[in-house]
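Written below as structure tokens is the structure these notes are about.
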Amino acid sequence: KGSSVLNGNATEKLISLLPKYKDGTGWLESAWDGLKKVTSKTVDIAKNFWEYASHPSKLVSLAISKFTNIDNLSGTTLGIVKGAISTVKESVTSYIKKYLFADNPGGSGVERW
Numbered sequence: 003k004g005s006s007v008l009n010g011n012a013t014e015k016l017i018s019l020l021p022k023y024k025d026g027t028g029w030l031e032s033a034w035d036g037l038k039k040v041t042s043k044t045v046d047i048a049k050n051f052w053e054y055a056s057h058p059s060k061l062v063s064l065a066i067s068k069f070t071n072i073d074n075l076s077g078t079t080l081g082i083v084k085g086a087i088s089t090v091k092e093s094v095t096s097y098i099k100k101y102l103f104a105d106n107p108g109g110s111g112v113e114r115w
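Each residue of the sequence shown is one higher than the last, beginning at 3 in this note's numbering.
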């Protein structure tokens with residue numbers, strides 16, 4: 003009792019006073035699309051993080067590929083550089099595995115961490 007429904011013209015005038023609704027609800031749809039993109043990227047980041055955490059050699063390989071360029075090397079020099087890269091990769095991977103995936107750490111609860 004006491005409620006009323008606005009007609010189309012009155013509704014349009016009322017909505018035009020609200021900046022977010024002035025041009026309809028398209029902004030809401032684009033905000034939803036943006037949220038879906040952010041959520042999708044977050045899921046991808048989490049998947050990538052776990053993939054690299056589970057396989058540290060992949061992370062080390064990625065880092066090495068970003069900071070090295072051996073395309074112009076050949077012969078003995080190429081062999082030496084590849085050997086050095088391989089040694090660094092194995093060492094860093096071993097270090098990461100040792101500290102991230104310690105075998106059966108002692109204690110329980112917080113002590114285990």
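We treat Cβ as the ideally placed atom computed from N, Cα and C, and that holds for glycine.
- Determine contact between the region 36-53 and the region 70-82, defined as no fewer than three beta-carbon pairs at a distance below 8 Å. no
- Message: With the cut-off set at 9 Å, would you say Ala55 and Leu102 are in Cβ contact?
- Response: yes
- Since Ser67 is in the alpha helix (DSSP H), which residue starts that stretch and which ends it? 58-69
- Assuming Thr95 contacts Val62 (C-beta within less than 8 Å), just tell me the rounded distance between them. 5 Å
- Query: What are the start and end residues of the alpha helix (DSSP H) that includes Ile17?
  - Reply: 10-18
- Output the residue ranges of the alpha helix (DSSP H) runs that lie fully inside the region 65-102 and measure 4 residues or longer, sorted by chain position. 77-102
- Does DSSP put Val7 in a helix, in a strand, or in coil? coil
- Alpha carbon to alpha carbon, how far is Val7 from Ser32? 29 Å
- Query: Taking the alpha-carbon positions, what's the Lys99 to Ile72 distance?
  - Reply: 27 Å
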